[in-house]
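All remarks here apply to the structure that follows.
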Amino acid sequence: MSRKQFVCLQALFAFVVLSFAFFPASNAHGQAVNATLSGKIVDASGGSIAKAAVTATNTATGFSRSVQASDGGEYTIPALPAGEYAVAAIFTGFGKQTKAITLQVGQAAELDFSLTPGSVAEKVEVEATSELQEPTRTQVSTVITQNQIVDLPVNGREFIDFALLSPAVQIGDTTSGSTDVIVEPVTKLSFAGQNIHYNFIAVDGADDVSTASGIQRGTPPQESVQEFRVINTDYSTEFGRAVGGIVNIITRSGTNDWHGSLYEYFRNDRMDAINLLQATGAHTLRQNQFGGTMGGPIEKDKTFLYGNYEVQRRGESPFYNSAVLANIKFINELKTNVYGLPAEPSLGGVLRTNDTDNGFVRVDHSFNANQQLFVRYFINDGRLLNQSPLNDGFDLPSAFKNNFYRDQSVASTLASVIHPKLVNELRMQFARRSFDFPTVTTQPHLELSNTFTLGVNRGNPDFYRESRFELVDNVTHNLDKHTVSFGGNYNFVKTTESFPLFYPFEADFPSLGAYLGNDRTNGANCVSPAGDPGGPGPAGCQYPNVVFFERFQAPNYNEPALANFASIYAGGRISSAIRNAAEGSMNHTYDGLYIEDKWRVTSNLTLNGGIRWEWETWPSNALNTQWKNFDPRLGTAYKVGTRKNVVLRGGFGLFHGIIPAPLLACQIPSCGGTPNISQLNNGKYPGRPFEDSLNAKTELFAFASGTGITAFALNQLLTNGTYPDAVPFPNVCFPGETTLAQCGFFGPSVIVRFVQNHQNPYGIQASLALEFEPLPDATVSISGLHVRGVHLGSFFNVNQPDPNTVLGPQMLHDSQGRAGPKNIYCSALPCPYSPGVRTFPIAVYFEATSRWDSQYDGLLINLNKRLTRNISYGLSYTWSKTTDDGPNPSFVLIPQDSGNFREERALSSDDVRNRLVLNGTVTTPSGWNIYARDYELGLIATIQSPQRFSKFAGFDANGDIFGNNDRVGIEPRNTFVGDNFRSVDLRVGRKFRFQEKRSAEFFAEAFNLSNTLNVRFFNTVYGAADFCPFNSTPKAFGCPAVPSGFREGSPNPLYGTPRAVNNPRQIQLALKFNF
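Here the sequence shown is numbered in the working numbering, starting from 720 and rising by one per residue.
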């Protein structure tokens, strides 16, 4: 830990300690996890009853807390764990009144009492609990209740999927059509159209987000979760680190009664429909999820235990891009007959497994009525074989990876009521995640650009390990109508990562004809063999756009060839030596302090204002610490009378997040260093003196040229492992040339270096909401939400050369036929020389910066009816629009013109114009006759507008060496409109009761009940530099002389075909014993 980090930690502790010294008589509560109950006590005439006693008792644990009302009859009971309570009010000369209420996670509930004079029998009421019992709440949020978690269908028992029941929440498409830098086996959520890396997920208030991947690490088993709150925007300053949204999860605890369960969930492909993109005969699915729970008192009313252990054993056939299914025969002929590589295994014989063991244990202890402690531990252990390291459907089996991960977390919270009006909440967490992602083969990465790939993928680290220590303290100070909260958090994270990026080498091909070498480009003999139409041409006919490779012999990085290339091409996982050479470690902290005032201006009006200060600390040679991340926030709630309980809520605020870290390990130094060559000022790129080699142990290189030259370079790498600058090639292209590298562009590559002064991302959020209660047990919320993302992170090629004035700009078209200029760069031979153009001896230099932004505007409608009379239901509808300029940390989605970011502004990959979700549960009363009672029905129906994708040329259309991001003509981003999503999930079951506390449940769940075909991703490679129907003579590269009959005149028959589809109808059966 650096001195600066240590000073920051000391400052945080000092802040907390001083708070107790200067505010000895305050009212405090941590709202993140616990609930707060307040209200007023009056007599029959409406007059206030001063000094009345109010006691809240948890009916499950016996835990109770008492307070005395103020002179005005008002009371507040802070820091109440979520659950069911009996709340009693009593005063001398009045009868006792008791009400039942269910408090939810992070709730600020209100409950008023009207006492009757005289000594009368106790009056007990059941108080309806709804969102509108929070007239002081300013946030826009939805609570997913235990009833929904237990009784609604959920595929794979991933309870976090229930967040999708909330408006403005969807599955993220941030990196659609490209590489996810780290593929975590979790649901990736997008809030308000923002990047999947900008959310905050908390379990019992503790951070559950991996800084290495930018998304949640893992969550406890479903049976361990009590409920969670999905927060679209929160004007409290207690929460930080969320540009997008927040998911606040609380886990279950034991009660005064021992209880438990045993369960088994079973799935088999014989009950399922067939996936369109599975290989013929490859429709295997075997899944068993089983486990048990146990909870109860160690000492009644004092100490409680709850545990859950769950096992999953799953094996299934992968699915593949339709382009792979149509061409697998030719791909294998290419590999075996031309390249001498091992063939792909039979697609029908590959089994993808997902075996996990998840354990959870929690102990709650009440030292007394004013001090409660809980400690919980959970572990996720996974062994996943033959996983797709890129987006689904992109890779063949030789590109698969195995995944062995273990995630452990120990967290504890101590809630202390120091005075009836002073509560402190102290939280600590220790967490460790190990994520091993070894390759299945070490065959070279051979990619048909943006369509499919085989061999080692370049987009994912081979390993990462993350260790974390977290400390949080929250205090609140109440002075009559003011509640002042303050506190802070400290997170220390150490990440170690291995990222061999271009090992053993990568070749990117512009078309299927180039991939197979049968399109005659490199000679009349470059055709399919007789009797094998569509088969690969002979060796030397296959031509990539560009070849990337990585050298490991520091400090000169000039080894002529890949040692032991034959055994490497036939090998399995990457060796330890290569892993170690591509390994880097980094320590950093992210911290925050906040203060806020919740002012009850009148009984109907509440104002909530405060400021939060966020910062991250980094090693000085990695990034600068940004100390000016201040987030002012202001929220208001106004209760409009009592009819229908109408509440108007609104707010505005800034929300800083942490810097997306999936590629930060490339800073020190695992993705290769900046080339240490004299032309680059000894490793310092011009104008970027801080972005040096950072003790790199590897270096990346690229080679590009004409089709015949790149074909020869590929052949040399495959047959003898020789790199282009070591292949003798005297006087072939021009006099004096000695190596193949001189016959084109050859130079180092940098992927990725972060700008030293990278800013933290932040969101500007504003909302206005109207909530009312149309029925006594139902609420409706109508909200307008605006979110602007600022300083969002991604990267671009700072080394893109100046436009070539001889070849361009060219007049090209968009898909509507509108013409416009497009710059051409043409860095590689045989391009004509362009006078005055600056050149650098380097291929690409990808620099990560914070210059991107986004904008979301949405109308959110949310209806929720709580469970009463055996029925509950909900509806959420979102109409929205999201635009951005491409804040997607991906090699494919970077800007195609580094000098014109304005061209990147378009509808976002996460833009979903309309989304409607319905859910409901129904049970038949247990009092009905034996044939009709205890039936259960749960339903989720989802309808969603299409998401959008970019139309790629499929090759280096603008001549800047890197072709994966080139779009067709002058087409904007994300103009390929995808598929609507429609799905109905159904759960039907029945409970059989044996005794009062013993029962068995049998139920069946159907996902995508109607077996609707929902295409997830499409092949969007057009295959030409321009839209062919609008292109006149001379034809743009790729356009045929005779117009094709394919979509939009594309020369590529694969354009617009499915690359990945969502699951077809799947059935799950389950049996559960409760005792």
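Where is the CB? At the ideal position from N, CA and C, for every residue including glycine.
Those residues which DSSP pairs with Pro1540 across a bridge: Within the sequence shown, numbered from 1, the residue matching residue 1540 stands at position 821. Met1530, per the DSSP bridge assignment.
Suppose only complete runs of 3+ residues qualify. What are the beta strand (DSSP E) ranges in the segment 1133-1190, listed by chain order? Fully enclosed beta strand (DSSP E) runs of 3 or longer: 1141-1155, 1164-1167 and 1171-1173.
Let me check you understand the geometry: is the CB of His1084 closer than 8 Å to at least one non-hydrogen atom of the ligand ZN? With respect to the ligand ZN, the structure shown offers nothing to examine, as it has no ligands at all.
Three-state class that DSSP yields for Phe1374 in the structure shown: On the sequence shown, residue 1374 is found 655 positions in, with the first residue counted as 1. Strand, per DSSP.
Quick one: using the 10 Å Cβ neighbour count with 16 as the cut-off for buried, is Leu1494 buried or exposed? Against the sequence shown, residue 1494 aligns to sequence position 775. With fewer than 16 other Cβ atoms within 10 Å, it is exposed.
Could you give the DSSP three-state label for Tyr1650: helix, strand or coil? Stepping through the sequence shown from its first residue, residue 1650 is reached at position 931. Correct three-state label for Tyr1650: coil.
Please confirm if the segment 1140-1149 is in contact with the segment 918-930, defined as three or more CB-CB distances below 8 Å between the two stretches. Yes: at least three Cβ pairs fall under 8 Å.
Can you tell me where the beta strand (DSSP E) holding Gly1303 begins and where it ends? Within the sequence shown, residue 1303 is the residue found at index 584, counting from 1. It spans Glu1302 to Arg1319 - the beta strand (DSSP E) in which Gly1303 sits, taken as one unbroken run.
Taking the CB atoms as reference points, tell me whether Phe832 and Lys907 lie closer together than 9 Å. As a working mapping, residue 832 is identified with position 113 in the sequence shown. As a working mapping, residue 907 is identified with position 188 in the sequence shown. Not a contact, by the Cβ cut-off of 9 Å.
For Ser1128, three-class secondary structure by DSSP: For the purposes of this step, residue 1128 is taken as residue 409 along the sequence shown, with counting starting at 1. In the structure shown, Ser1128 sits in a strand (DSSP, three-state: E or B).
For Thr1498, which option in Gln867, Asn1581 and Pro1108 has the closest C-alpha, if you only look at C-alpha atoms? By 1-based counting over the sequence shown, the position of residue 1498 is 779. Cα-wise, what sits closest to Thr1498 is Asn1581.
Out of Ser1609, Pro872 and Ile1017, which has the shortest C-alpha to C-alpha gap to Ala1868? Since the first residue shown for the chain is 720 and the last is 1794, residue 1868 is missing from the structure and cannot be characterised.
If you check the beta carbons only, do Val1069 and Asn1046 fall under 9 Å apart? Counting from one through the sequence shown, the residue named residue 1069 turns up at place 350. Counting from one through the sequence shown, the residue named residue 1046 turns up at place 327. For Val1069 and Asn1046, no; Cβs fall outside 9 Å.
What is the DSSP secondary structure of Gln1663, counted as helix, strand or coil? The residue labelled residue 1663 in the question sits at position 944 within the sequence shown. Three-state result, Gln1663: strand.
What beta strand (DSSP E) runs, 3 residues minimum, are completely inside the segment 1238-1297? 1265-1270
Contact defined as beta carbons within less than 8 Å: I believe Ser1486 pairs with Ser1500. What is the distance between those atoms, to the nearest angstrom? Position 767 of the sequence shown, counted from the first residue, corresponds to residue 1486. Position 781 of the sequence shown, counted from the first residue, corresponds to residue 1500. Incorrect: roughly 11 Å between the Cβ atoms, too far for contact.
Can you pull the DSSP bridge partners for Ser767? Walking along the sequence shown from the start, residue 767 turns up at place 48. DSSP output for Ser767 lists Val761 as bridge partner(s).
Host beta strand (DSSP E) of Phe1420 (start-end): Here residue 1420 is taken as the residue at index 701 of the sequence shown, counted from 1. Per DSSP, Phe1420 belongs to the beta strand (DSSP E) from Glu1418 to Ala1423.
Determine the closest residue to Lys1120 out of Ser1769, Ser1294, Thr1158 and Arg1177, with distance taken between C-alpha atoms. For the purposes of this step, residue 1120 is taken as the residue at position 401 of the sequence shown. Checked all of Ser1769, Ser1294, Thr1158 and Arg1177; the closest Cα to Lys1120 is Thr1158.
Using the C-alpha atoms, what's the distance from Glu1189 back to Leu1586? Residue mapping note: residue 1586 aligns to position 867 of the sequence shown, counting from 1. Residue mapping note: residue 1189 aligns to position 470 of the sequence shown, counting from 1. In a straight line, the C-alpha of Leu1586 is about 37 Å away from that of Glu1189.
Does the distance from the CB of Pro886 to the CB of Arg1634 come in under 9 Å? Along the sequence shown, read from residue 1 onward, the residue named residue 886 stands at position 167. Along the sequence shown, read from residue 1 onward, the residue named residue 1634 stands at position 915. In this structure, Arg1634 lies closer than 9 Å to Pro886 by Cβ.
Note the first and the last residue of the continuous alpha helix (DSSP H) segment covering Lys1048. On the sequence shown, position 329 is the one that residue 1048 refers to. Ser1041 to Glu1052 is the extent of the alpha helix (DSSP H) around Lys1048.
What do you reckon, are the CB atoms on Asn874 and Pro1606 nearer than 9 Å? Here residue 874 is taken as the residue at index 155 of the sequence shown, counted from 1. Here residue 1606 is taken as the residue at index 887 of the sequence shown, counted from 1. Contact: no.
My output table needs one value for Leu1060: the three-state DSSP class, helix, strand or coil. In the sequence shown, counting from the first residue as 1, residue 1060 sits at position 341. In the structure shown, Leu1060 sits in coil (DSSP, three-state: anything other than H, G, I, E or B).
Which residues in the same chain have their Cβ closer than 7 Å to the Cβ of Ala779, if we skip the five residues on either side of it in sequence? As a position in the sequence shown, residue 779 is number 60, starting the count at 1. Gly802, Glu803, Thr974 and Asn975, listed in sequence order.
Does DSSP put Gly1708 in a helix, in a strand, or in coil? Here residue 1708 refers to the residue found at position 989 of the sequence shown. Residue state, collapsed to three classes: strand.
By Cβ distance below 6 Å, which residues in the same chain neighbour Phe739 in space, the five residues on each side in sequence not counted? If you number the sequence shown from 1, residue 739 lands on position 20. Residue placement at Phe739 is flagged as unreliable, the pLDDT there being 41, under the threshold of 50; a coordinate-derived value is accordingly withheld.
Quick check: the segment 1762-1780 against the segment 956-968, are there 3 or more CB pairs under 8 Å? In this structure the segment 1762-1780 does not lie against the segment 956-968, because fewer than three pairs of beta carbons, one per stretch, are closer than 8 Å.
Can you tell me whether Pro1783 is helix, strand or coil according to DSSP? The residue given as residue 1783 occupies position 1064 in the sequence shown. Pro1783 falls in the coil class under three-state DSSP.
For Val1474, which three-state DSSP category applies? Start at 1 with the first residue of the sequence shown, and residue 1474 comes out as number 755. If DSSP states are grouped into helix, strand and coil, Val1474 belongs with coil.
Roughly how many whole angstroms lie between the Cα atoms of Arg1368 and Val1359? Along the sequence shown, one-based indexing puts residue 1368 at 649. Along the sequence shown, one-based indexing puts residue 1359 at 640. So the two alpha carbons sit approximately 11 Å from each other.
Between the CA atoms of Leu834 and Pro1665 - distance to the nearest angstrom: For this step, residue 1665 is matched to residue 946 along the sequence shown. For this step, residue 834 is matched to residue 115 along the sequence shown. Cα-Cα distance, rounded: 57 Å.
If you measure between the beta carbons of Val905 and Thr938, is that distance less than 9 Å? Stepping through the sequence shown from its first residue, residue 905 is reached at position 186. Stepping through the sequence shown from its first residue, residue 938 is reached at position 219. A contact, by the Cβ cut-off of 9 Å.
What are the partner residues of Pro836, as DSSP defines its beta bridges? On the sequence shown, position 117 is the one that residue 836 refers to. Its beta-bridge partners are Phe813.
Pair within 9 Å by beta-carbon distance, Phe1221 and Phe1268: Position 502 of the sequence shown holds residue 1221. Position 549 of the sequence shown holds residue 1268. Against a cut-off of 9 Å, the Cβ pair of Phe1268 and Phe1221 comes out as a contact.
For the 8 Å Cβ check, are there 3 or more pairs between the segment 1676-1691 and the segment 1612-1630? A contact exists between the segment 1676-1691 and the segment 1612-1630.
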